[in-house]
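Residue numbering for the sequence shown follows UniProt numbering, beginning at 1 and increasing consecutively. Inspection log for the structure reproduced underneath, given as structure tokens.
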Amino acid sequence: MPMDSPQQPNSIPRKGMRKGTRSCYECRIRKIRCIFAKDATICEGCTSRGKRCTEQRRELLEEAALDNRESLRARIARLEAVIQASNIAVEGASTAPRAALSVGAGTGLDSSSSTSIPTPVSIPTPNSSVPIDKDSPQSIDPIVTLFDNAIWRRRRSGSAPEPTSRVGEAGNPAAVAKHVRTREALLSGLIPSDLLGMILSATCSWWHTWRPLGAWLTTSMGDAETTTLQDFVIWAFDSLNPSIVGMALLCIAVCLQQLDIRVHQYIIRQLPRLPGELFQEYFEKVDRLILNDSDYASTEEGVEATILSAKIYMNLGLNKKCWVLLHRAITHSQLLGLHRPERLFASETEMERQRRIKSWLSLCSADVYTSLILGLPYAADGRTIPVTQSWHNATSLLQHNLTQLSGKLVDRNQMGLSLSVSRTEEIQRELDVATKGLDELFWDSPTALVGGKITREEYLEQLSAQLWLYQLLMLLHMPLMIYSVEDAQLEKYRTSCLDASRNLLKVYHTMRSDSHSAFSMVKVIDYQAFVCSALLVLGLLGYGGSGDQPVTQEKDRYLLGQTIATLRQAASTVNNPMASQAVQGLESLMFLDRDGCSPRTEGPCEMGGQARITVPQIGTITISPGEYYTNSGKQCTPLGKHLPVFAFSHDVFQGASGQVSQNPTLSSNDGFHGEQLNGIEFGENLHPEPPSIDFDWTSAITPNFEDDWAWLNDLNY
């Protein structure tokens, strides 16, 4: 018996086709020859007409018979409705109030005009967008869109594109062999499993604080239970992906870095070599086999390994190398399309998309923050991410705004406009707007945590956001503060810079006094504490105007004393040379404030008006009284009567933080080889005074990955 296909409205019922024919459904209806090319799944007739090539089986006949296209009668009815609505609008335009029209255009028309007035399908409404394929990450590629338009139609496969790391691994024998070789090389020379378990259990406290697993790696993990570091390492070692194995090796390297001879002596004695040597071996192995191989670094898992390596560099105080790796991670992420707000492929869920966007914004924030510290350009600042992604959380929204404003501050300095008052005021106004809606719980996070009003995770996020905010304010006003010694009208910028420095030091004390030592591995905050303390010492020495009130100076001295004590305590922990250098430098600066720069002074000022100061990440430098001090005609007098200008507040910071102004009429643009830069002398000088730099800048600036590991060999010994 013939089959009855489902009937459509306004169409003639079709009879079912008999079985046994070799023609497809469409070719049988059109009574044309059904021709299949070699290894083709769609016949030539259906391909030319863009139809579905359906076999004549009963279950497929019913699906193919459904035609979602509107009939000619329905389309004519829609067109008549459009014409009638247009005539009504023209006739009533002369009597309708203009205010009603403007309100309708601003509210109602945006939301309901496309649904209330029927329009032909072929005519786009004013509020409709051009339909594009959002399931393909290549839809924005200009060369691909050239062959995917109304004239040419790109032929797509039935399945949606998948991420790079999940495609083509099993079908390429050469790639499989390379994966096996790389995986074996990563796992070779690994310490015994029982000893490894002891190390992971003893030093896993950093796992939840760092949160090294981003959304891109979480997607690869699937339903695997990896709530602890031990679970993740076991899962990673069972994986066939070398990038995931490299991630586990980096985690083991971080644990080796945390071994303390005072606490973990039993474990250290069982190691085949010193912890520093093993750390160097594992880290360099991942750098050589994963990060420097584009086949692995350009995958989602490779990007996660690159980000974790950058965090390790930041923890070691190697900020320049961290900056390089973050730029590489951003480049590979953009090539993968991970920065795009829309869905990358059809199988990506909304939760996966949200996590991917959050990870991308976190990567952009890390890059901008590192660029802010170093005074270097950033790779991306997350401008492709809508602000609505952070509206659910006030702290997340603030971090989003801080990323954008930090990018503007870097742009200001890169354009040579660090002394621009208008640019500074513009960024300050935007900062005021960004912090206007924050409640008291944000500004008093410790009290809110004790009262149970916020969770511990929110507490840590709020402290990090506060530190970033005050650092941004300090770096925003510091160039004008340095120049305020020559222009009294810039006094308010000096005050703003010092206030931000005081607030940052208070947040720093809160971080370092955390009961769970959540920020023990974040050593960059010790460097920030040194910079802010140096600015306060400048204020104590009378920099800018008549100086602060005696009460304020005593409070600053007390705050500096607390900072030095906190830094000394941080220096006593495992593997924190940055805090040790900061303590040495601040003690020397505080000695200048206490006794003045006198030839009779014992200690750092024993070179006839010069002093040797240790600067973290830079080295030991020699400072001398600035031009406003030497022009007075006295070699050395009490510092409260004159205005000494020290190196740490001028061009030396271009190698460290980069947020320093230069007097365009006094300073040189030749880097560290100029004759004289605002009171500090570098290299050869025309004046018969000893050279004032005792540090090899080449080793500090050259990004050589083999020059910074020697001190690790004697780790904890």
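We put the CB at the ideal spot given by N, CA and C, even for glycine.
Can you give me the start and stop residues for the beta strand (DSSP E) that residue i sits inside?
i	result
T620	619-623
I613	611-615
Less than 8 Å separating the beta-carbons of residue i and residue j?
i	j	result
L240	H179	yes
I267	A202	yes
W360	L338	yes
L467	L409	no
A465	G437	no
Y378	G416	no
P272	L259	no
Y459	L449	yes
L363	A329	yes
G317	Q562	no
I454	L472	no
A579	T209	no
L250	S309	yes
L376	W323	yes
N292	K523	no
L540	D514	no
Does the Cβ of residue i have 16 or more other Cβ atoms within 10 Å, making it buried, or fewer, making it exposed?
i	result
S418	buried
S165	Any reading at S165 needs caution, since the residue's pLDDT is 49, under 50, leaving its predicted position unreliable; the model's value is listed next. Buried.
R494	buried
E301	buried
N401	buried
I385	buried
Y25	buried
Y558	exposed
L256	buried
L538	buried
G382	buried
M351	exposed
T299	buried
R183	buried
E425	exposed
K31	exposed
E457	exposed
R340	buried
L490	buried
R512	buried
E304	buried
L463	buried
H516	exposed
Rounded to whole angstroms, how far is the Cβ of residue i from the Cβ of residue j, which I believe are closer than 8 Å?
i	j	result
S501	C532	4 Å
S588	I564	Actually they are not in contact, since the Cβ atoms of S588 and I564 sit about 11 Å apart, beyond 8 Å.
Q399	S365	6 Å
A582	D526	5 Å
residue 793	Y508	Residue numbering for the chain in the displayed model covers 1 to 717; residue 793 lies beyond these limits and cannot be assessed.
L186	K51	The pair is not a contact, with the Cβ atoms about 51 Å apart (cut-off 8 Å).
C53	I42	4 Å
Q270	L195	6 Å
N413	L374	Incorrect: roughly 11 Å between the Cβ atoms, too far for contact.
I621	Q610	Going by Cβ atoms, the distance from I621 to Q610 rounds to 10 Å, so no, they are not a contact pair.
L405	E430	6 Å
T306	L325	5 Å
V233	L190	About 11 Å separates the two Cβ atoms, so there is no contact after all.
With residue i as the anchor, note down where its alpha helix (DSSP H) starts and where it stops.
i	result
residue 728	Nothing in the structure corresponds to residue 728, since the chain is present only between 1 and 717.
H477	456-483
K555	550-571
W210	206-210
Q230	229-238
S445	445-450
Y543	First-last for Y543: undefined, no H or E at that position.
S365	350-374
D411	394-414
P242	242-257
I330	319-336
I42	Taken as a continuous stretch (DSSP letters only), I42 belongs to no alpha helix (DSSP H), as it is neither H nor E.
P187	The amino acid occupying residue 187 in the given sequence is Leu; Pro does not appear at that position. First-last of the alpha helix (DSSP H) with L187: 173-187.
Y25	25-30
V433	421-435
Ordered list of alpha helix (DSSP H) runs contained in the region 263-308, each at least 4 residues: Listed in chain order, they are 265-270, 275-286, 294-297.
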